[in-house]
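Following: one structure in structure tokens, then a few remarks.
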DNA sequence: AGTATAACGGAACATCAGTTCTATGTCAAG
DNA sequence: CTTGACATAGAACTGATGTTCCGTTATACT
């Protein structure tokens, strides 16, 4: 009478679509027709098949003939009720505020070798075609970080181990030449001829570069002008590839 | 003759792994055993099964018993030839990888205190209402990891500092009771009455829990049954507040 | 009411697809 | 030479899974 199918999608197909996404997220493959039927409370496989045909014709899914578990979800519900939705919705918060933003941060090189870190051209839109990149959710970044000032470096070697940063870690940095006290920065140390990560402190005219490892001595630099900050560390990501 | 199996992976399993990634990229689901066999020029399904078992034991893939096309690739070849390029390009058609690029992983508690880590209910869809969550891009996770087996913990205190994990870090883990050699796991040590992160090695009937810090002695446990693995570490994220 | 169409249910069917069992060849250790 | 671990085939077996056919019920429209 009133609430019609706003776009020709019935209740059950809708539920199936939802289920497909969930199941695939949790299993890594598609459910079988019978599994779908069980979920939506339908014994008849033909009926599920019937629904799937509808979803297919409407372009929501795609499946291959006579192939098990071959359903692909092409288009999720136009609704925000999935994924992030659940968590936020359950608290009654405005789902609209859940920023699904994903930023691609270019991995512009490696850090840790006896080299200054490669800095992307400060100027224009750096084309990082040949670089790989890491994807980070906006929600993990500081409130209004300017994303285009961010870049990432892969740590090479164990020279940064005292900064709790290991070989292979991805360090996400913000391009800057200055830092506030307590921030972790990448600095170029001419004496040692290397770039390292240290906590930055400026106090009574001197700069103290404090290793993360408390048993190690800080480096004191009398002339702040000499400190070559290359960027501040925003995030460190370490992936375990089962290795 | 020349470049042998660099790490115990034979020629064929290697080729299978490659094929799995390709096939999944282009079909959206896993190939069947016979399809795999055909690709690598093997008629015998049992032989392919044999190879798949190897890959599984080495932690490269995961599959479910008696379920068609249920292979998940957990760790791709250290090869750089993958990434998005091929998949999207393959048939000229826009492979619909959309929508599910970002995953919300619940932060279910803290680790590091003298407590077993809280495990989310193994069973049904746990509503993590009161928990916060971290958002991770699919691209940062192993190929087709089952996302709802993942959960996150915030590190409490510096007891994990020898595992290169600091206070405040977010550890993303996968729920499991078993592990492959070389993986970092969270284990409950009854003797010390605490949960720690250690590298896992099982060799000649014993389990060796190796601290990340090479100067520290490993823990050897004679009876593998006693080892209470709570999960394996998938990723560590450290955020620096920009204040 | 009458009829066409969509929404169901059940069950048979034919594969599809993972598992298992047996047998053979290879190769190095004893 | 014998033995055993490993790699390989082939085929049978069993359960998993998509397809199809037929019949029934509900809905809508004339």
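Chains as they are written, first to last, in the numbering used here: chain A, 0 to 242; chain B, 0 to 242. For each residue, glycine too, the CB sits at the ideal point set by N, CA and C. These figures come from a predicted structure and were not determined experimentally.
Query, Result
"Option nearest residue 219(B) by Cα separation, candidates 74(B), 190(B), 45(B), 47(B)", "190(B)"
"8 Å Cβ cutoff met for residue 104(B) and residue 175(B)", "no"
"At least 3 beta-carbon pairs within less than 8 Å: the segment 207–217 of chain A vs the segment 143–154 of chain A", "no"
"Test: residue 27(A) CB closer than 8 Å to a CB of chain B", "yes"
"Of the residues 137(B), 135(B), 11(B), the one placed nearest residue 50(B), counting alpha carbons only", "11(B)"
"Coarse secondary structure for residue 1(A), derived from DSSP in three states", "Because the pLDDT at residue 1(A) is just 36, under 50, the model does not fix this residue reliably, and the value given afterwards should be weighed accordingly. The answer is coil: DSSP assigns residue 1(A) none of H, G, I, E or B."
"Given residue 71(B) as reference, the closest of 131(B), 198(B), 109(B), 31(B) once Cα atoms are compared", "31(B)"
"Minimum Cβ-Cβ distance from residue 208(B) to chain A less than 8 Å", "no"
"Within chain B, the residues that residue 234(A) reaches when beta carbons sit closer than 8 Å", "236, 237, 238, 239"
"Closest by C-alpha distance to residue 37(A), when choosing among 14(A), 131(A), 26(A), 58(A)", "14(A)"
"Beta-carbon contacts of residue 187(B) that lie in its chain and below 7 Å, excluding the five residues immediately before and after", "115, 194, 227, 229"
"Residue 235(B) vs residue 133(B) beta-carbon contact at 8 Å", "no"
"Contact list for residue 69(A) against chain B, beta-carbon separation under 7 Å", "28"
"Member of 145(B), 52(B), 41(B), 106(B) whose CA lies at the smallest distance from the CA of residue 24(A)", "145(B)"
"Chain-ordered chain A contacts of residue 133(B) [CB-CB under 7 Å]", "139"
"Interface partners of residue 165(B) on chain A, CB under 7 Å", "163"
"Euclidean distance between Cα positions of residue 196(A) and residue 157(A)", "12 Å"
"Simplified DSSP state of residue 175(B), which is helix, strand or coil", "coil"
"Reference residue 238(A); option with closest CA among 225(B), 54(B), 171(B), 67(B)", "171(B)"
"CA-to-CA distance, residue 181(A) to residue 18(B), given in whole angstroms", "48 Å"
"Boundaries (first-last residue) of the beta strand (DSSP E) holding residue 156(B)", "Run containing residue 156(B): none; DSSP gives neither H nor E here."
"Beta-carbon gap between residue 68(A) and residue 100(A) smaller than 8 Å", "no"
"Exposed unless 16 or more other CB atoms sit within 10 angstroms - verdict on residue 179(B)", "buried"
"CB contact check: residue 51(A) to chain B, cutoff 8 Å", "no"
"Under 8 Å between C-beta atoms of residue 65(A) and residue 55(A)", "no"
"Spatial neighbours of residue 140(B) in its chain, beta-carbon cut-off 6 Å, leaving aside the 5 residues before and after", "none"
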